[in-house]
Every structure is written in structure tokens, then in C-alpha cells.
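See structure below.
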Amino acid sequence: MATATAGAGLEGVVAGPTTICNVGQGQLVYRGYEIHDLAEHATFEGVAHLLLVGHKPDDEELKAFDAQLKAEREIPDLVIDVIRKSAKLPNAVPMDILRTAVSVLGHVDPECQDNSPEAELRKAVRLTAKIATIIGHMQNVIDGREIISPDPSLTHAGNLLYMMTGEKPTDQFARVIDVSLILYAEHDYNASTFTSRVIAATLSDMHGAVTGAIAALKGPLHGGANEAAMEMLQEIATIDNVEPFMQNAFETKRKLMGFGHRVYKNGDHRASILHTLGRQVAEQKGAEAVRWFDLGEKVQHIMETQKNIKPNVDFPCGLTYFVMGIPVPQYTPIFVASRITGWCAHIMEQHQNNRLIRPVADYQGPSDLKW
Ligand code: SDX
């Protein structure tokens, strides 16, 4: 039996091995490749291949992988129906609709119950392709537009933006989304990935594990922070209000969304990459967009100088997606469109060397009561 009790939130606990990702204070590495290198030189499709297949694709492999993703973009009518009906429900936010849609995708996937490595790789490709389409269709339904078919001439990121808006994105916008997808793709045993591994470790199926992971990602302490960060900035609203808002937040011990991290103590390697790209977008968009970045940078400065707490990737993500005109409730679904690759890589790794994940609890209740 175990004797040591883990600290609250399992902080510092090494929960198991992985060869997929190394989240370190010095660098973030996906299967040996450092994140700045990937953000500058790779595409999301290449990173998805790296994570799912296990190595950097050569040109032929990348072409074939890209073709598979494109061939799998359409989603079944049943899932479109679920999106249409769910979007009318007052309590269903986009992350919930996406979660349900992914669960329904499992019902119509002929390999849903097959956990072999070959079937799981095919399912991972299908999920990666189709989740982007679900997000696009969902936004069309919310906006009261006809749904927009995927465009095979566009990259994964470009097509995601196109399906959401009906407009072909500029190369710059498509690349900013592409880089954000690269940055979000994988982060070792974060809460949603750990959730997916716990589910997979019971020998349950990939769609079920991903459905659980989406639920875990939704929370504002995790992926939901990119939406919550932007909502917080909208609440602050003006540069003049930053100081009083922050002082009040410190006095009331309010958590500032998009700041802090369980692992990174010197800052999140991904944040500055996205911040730089987002600011470039803002500067091209004009004064109003730049104002949001100025406001965000002031919040960041006060947080860093007064609390020594740095932004995580969700802070620049919120700002960047906002100045690009993406609706706030889709920020965390877009995180899913990327992290699906990391989750599936972990589900496959878990299944290929499985042992049930079942820790013990430190029981602190009474034991001598009589019924
Ligand atoms: C993601 O794990 C991953 O890898 C996740 C992720 C991924 O790619 O998968 O990187 C993505 O989820 C990023 C995190 C997004 N969440 C947020 O931005 C929400 C705001 N952040 C915090 O709530 C917090 O920093 C967490 C949840 C991210 C981490 O929480 P911890 O490790 O449990 O730390 P804590 O809450 O116990 O804070 C420690 C101290 C406290 O002060 P003291 O009580 O010791 O004086 O730091 C303070 C906290 O009050 N603190 C904050 C803060 N974050 C930490 N204070 C104000 N605002 C914050 N955001």
C-alpha cells in the first residue's frame, strides 16, 4: 500500500512516463522538438503527424497525412442535427455542444470500440479533422447562417477560420491560427490530458476519453481561461480602469484569468510567441485593436511587478483571437481543435502500455459510527 500523501491538487507528483512531451522550466519540447522551432518552422499538420504518428514527417508523409485530414473533414448529418438542436438550448455553450458532438461522432464511427493502434490512429485523424468542422458549423448555426462546407484548398487552420466566418482568411490570419494550434497541441499531464489517460486506462474507447477531456478543458482554471481572460479584459474596459481593477482584485484575492501556471514558475514558453503575433495583427487592424493589447500589457505589467505572476498562453490567446474578430465562446473550442492531437497521442500511448490508473485516498472522515 502507498504511504505518502500527495499534496493538494497532486502538485509535483510524477504521475507516469511519456515520450510525447516535456514541459520544463527551461523549454517545452514535443517529441524532441522545441516549441519556438516548431512555431517558426512547422505547420499544425506537421505537428499533428509528429504527435500522432510519432516522428517528423518527410514531404511525402506530410502530403499523405494532409490528404487524410482533408478527406475526413465532413461530419455526419446526425452530428449536424445535434449541433443545430443543441445550439438552440439556453444552457448549452459551445464547449458543451462540442463535447456532445464528439460523443455522437463515436456512435457513427465504425471503429469506435476498436482500441488497436491502427484503428486509434485512424480515429485520431478523423477526430482532428472533424472537430474543426464541428466548430465551424456550430458558429454558422449560432450566427443563423447556412453551414459552410470545408474547402480542400485551405490548410487546417485556414479552413477552420473559413468555416467559422464564410470568408477566406488572409495568409497572415491563417498562419496566426496555425501557430496558436501548434502552441496548444500538447502539454504532458495537464488536467484534460490526464483525464483522457485515466479514462483510456480502464480500456474505454478514444471517443469517450476525448469527451471527458473536453469537459475537463472547459473549466476556467484550465482551457476555459482563454475566454475568461478576454471577458476579464472586457470588464476592465479602459486603460484608466486597469489600476483600480487590479488593486481591487488583489484586495479581494480575485484570480486573474490567463495568469499563473502549476508547472511554469518563470513564465509560459508559449505566451510571448503568441503575444508577438497577436500584437502584429492588432497593429495592422488599427487603433482600437492596439488599445486592447495596450490594456492587456498594462495588466501584465502590474501582475508581474506586484505579484511576480506571469501570463500563461491563454492570456495572449484571448487578446489575439479577439483582435482577429473570433467570437469569445469559440476560444476554448479552438483549443480543443488543437489539443485533440495531444489527447489522442496520450490515449494511444496509454493503451499501448496500459495499467489501470487508480490511486488511493487519504480518508479523513469518521470510522466508528453505528447505523
Ligand atoms: C492551462 O497544466 C497545464 O499544462 C495547463 C495548460 C495546458 O497547456 O494544458 O498550460 C493550459 O490550463 C493554463 C492555465 C489557465 N488557467 C488560468 O489562467 C486561471 C488562472 N490561473 C490560476 O488560477 C492558477 O495560476 C492555476 C490554476 C493555473 C494554477 O494553480 P495552482 O498551481 O494551484 O496555484 P495556486 O492557485 O495555488 O496559486 C499559488 C499562489 C496563490 O497565492 P498564495 O495563496 O500562495 O498567496 O499564486 C497565486 C495564488 O493566489 N496565483 C494567482 C494566480 N495564479 C496564482 N493569483 C491571482 N491570479 C492568478 N491567476
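Count the sequence shown with numbering that gives the first Met the number 0 and you get residues 0 to 370, in order. Even glycine gets a Cβ: it sits at the ideal position worked out from N, Cα and C.
Contact between the segment 331-348 and the segment 4-19 is established, with three or more Cβ pairs separated by less than 8 Å. Val28 has Asn21, Glu33 as its beta-bridge partners, per DSSP.
Assignment of Pro93 by DSSP, reduced to helix, strand and coil, places it in the helix class. Within the segment 93-132, complete beta strand (DSSP E) segments of at least 3 residues are not found at all.
In this structure, Val335 has its CB at a distance of at least 7 Å from all heavy atoms of the ligand SDX. Taking a contact as a CB-CB distance under 8 Å, the pair Ala212 and Pro219 does not count as one, their CB atoms being some 16 Å apart.
Of the heavy atoms belonging to the ligand SDX, none sits nearer than 7 Å to the Cβ of Gly105. Beta-bridge annotation (DSSP): Pro310 is paired with Phe258.
Inter-residue distance for Val81 and Glu71 is about 19 Å (C-alpha atoms, whole angstroms). Residue state for Gly6 is assigned as coil, using DSSP reduced to three classes. Separation of the CB atoms of Ile96 and Met137 is rounded to 6 Å, and the pair is thereby assigned contact status at 8 Å. Of the heavy atoms belonging to the ligand SDX, none sits nearer than 7 Å to the Cβ of Phe172. Counted as a single uninterrupted DSSP element, the alpha helix (DSSP H) harbouring Asn247 occupies residues 241-250. In this structure, Phe258 has its CB closer than 7 Å to one or more heavy atoms of the ligand SDX.
Taking a cut-off of 8 Å on C-beta distances, the segment 257-268 touches the segment 309-316, as three or more cross pairs fall below it. No residue range can be given for His54, since it is assigned to no alpha helix (DSSP H) and is classified by DSSP as neither H nor E. Exclusion of the five residues before and after Lys217 leaves Met94, Gly223, Thr331 as the residues of its chain whose Cβ lies within less than 7 Å of its Cβ. In this structure the segment 165-180 does not touch the segment 55-65; the number of beta carbon pairs closer than 8 Å is below three. Thr201 and Asn353 have their C-alpha atoms roughly 9 Å apart. By the Cβ neighbour-count rule, Lys369 is exposed, with fewer than 16 other Cβ atoms within 10 Å of its own.
If you look at Ala156, you'll find it in the alpha helix (DSSP H) that goes 155-164. Here the segment 147-158 does not lie against the segment 293-309, with fewer than 3 beta-carbon pairs under 8 Å apart. Per DSSP, Ser195 is one residue of the alpha helix (DSSP H) stretching across 190-200. When secondary structure is reduced to three states using DSSP, Tyr183 falls in the helix class. In the DSSP assignment, Tyr330 falls within the unbroken alpha helix (DSSP H) covering 330-351.
When secondary structure is reduced to three states using DSSP, Val13 falls in the coil class, being assigned neither helix nor strand. Shortest gap from the CB of Ala190 to any heavy atom of the ligand SDX: under 7 Å.
Residue state for Pro149 is assigned as coil, using DSSP reduced to three classes. The alpha-carbon separation between Thr192 and Gly341 amounts to approximately 7 Å. Distance from the C-beta of Pro332 to the nearest heavy atom of the ligand SDX is not below 7 Å.
Secondary structure at Glu71: coil, using DSSP grouped into helix, strand and coil. Within a 10 Å sphere around the beta-carbon of Ile238 sit fewer than 16 other beta-carbons, which makes this residue exposed.
DSSP, read as helix, strand or coil, puts Met137 in helix. CA-to-CA, the gap between Asp204 and Val241 works out to about 47 Å. Sequence-distant Cβ neighbours of Ala41 in its own chain, meaning closer than 7 Å and more than five residues away, are Ile181.
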